[in-house]
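Residue numbers (the numbering used here): 497 to 651.
Idealized CB from N, CA, C, for every residue including glycine.
Input: a single structure, listed below in structure tokens.
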Ligand SMILES: Cc1cc2nc3c(=O)[nH]c(=O)nc-3n(C[C@H](O)[C@H](O)[C@H](O)COP(=O)(O)O)c2cc1C
């Protein structure tokens, strides 16, 4: 049976979306792992339990994840997700926000979802301006992050 992964994101200008898609592309390099990406608003909560791993990503808004993503994690807390793997990612613009939203996402997942396992330390990806683009050298990190988590899931 293939390992199933869903990469859930919110994205105002498309940068976190591109990060999600590039993570999924990296995961696609590993045989036996099936990955889908979904905008948070389109997620069917009833199907979430079908996935072995749930990746959650957001742009940094005022030093943290978006409201939509925070709400989504709250809803995950009501589902039977013990033992599932999780990982977080975020895009950010200014130095001081490096890892801010990612760490908050990880904390929220650990606090709200009983028995969640963090599959990897979260990924923070820099954008060059408010609306992007993603800074040079950042996209390969997304691909590597995806393939590393996928390899781990198959192990
Ligand atoms: C309301 C708002 C608040 C923001 N606050 C921060 C912030 O605190 N730190 C930061 O680095 N970037 C901040 N930004 C910039 C976003 O991080 C940037 O627009 C985002 O990473 C781009 O990703 P997206 O295209 O997926 O929306 C903010 C942007 C908006 C719209």
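Query raised in the report: Which word fits residue 651, buried or exposed, when buried means at least 16 other C-beta atoms lie within 10 angstroms of its C-beta?
Result: Burial call: exposed.
Query raised in the report: Is residue 628 near residue 511, with beta carbons less than 8 Å apart?
Result: For residue 628 and residue 511, yes; Cβs fall inside 8 Å.
Query raised in the report: So who's on the other strand from residue 500, going by DSSP bridges?
Result: 530
**Report entry** residue 652 - DSSP class collapsed to helix/strand/coil
**Finding:** Past the edges of the chain, shown from 497 to 651, lies residue 652, and the structure says nothing about it.
Query raised in the report: Which same chain residues, not among the five before or five after residue 508, have their C-beta less than 7 Å away from its C-beta?
Result: 555
Query raised in the report: Are the stretch 542-557 and the stretch 565-584 touching, with three or more C-beta to C-beta distances below 8 Å?
Result: yes
Query raised in the report: Applying the criterion that 16 or more other CB atoms from any shown protein chain within 10 Å of the CB defines a buried residue, is residue 642 buried or exposed?
Result: buried
Query raised in the report: When the Cβ atoms of the stretch 600-609 are set against those of the stretch 629-641, are three or more pairs found closer than 8 Å?
Result: no
Query raised in the report: Taking the DSSP output, what are the residues bridged to residue 552?
Result: 504 and 584
Query raised in the report: Rounded to the nearest angstrom, how far is the Cβ of residue 593 from that of residue 613, given a contact under 8 Å?
Result: Not confirmed; about 26 Å, so no contact.
Requested in this report: Could you spell out the range, first to last residue, of the alpha helix (DSSP H) harbouring residue 606?
Outcome: 596-608
Report task. Using alpha carbons as the reference points, say which of 549, 539 and 542 lies closest to residue 501. Result -> 549
Requested in this report: Please indicate yes or no: does the CB of residue 565 lie closer than 7 Å to some heavy atom of ligand 1?
Outcome: No, since every heavy atom of ligand 1 falls outside the 7 Å radius drawn around the Cβ of residue 565.
Report task. Please report the residue range of the beta strand (DSSP E) in which residue 541 lies. Result -> From DSSP, residue 541 is part of no beta strand (DSSP E); its letter is neither H nor E.
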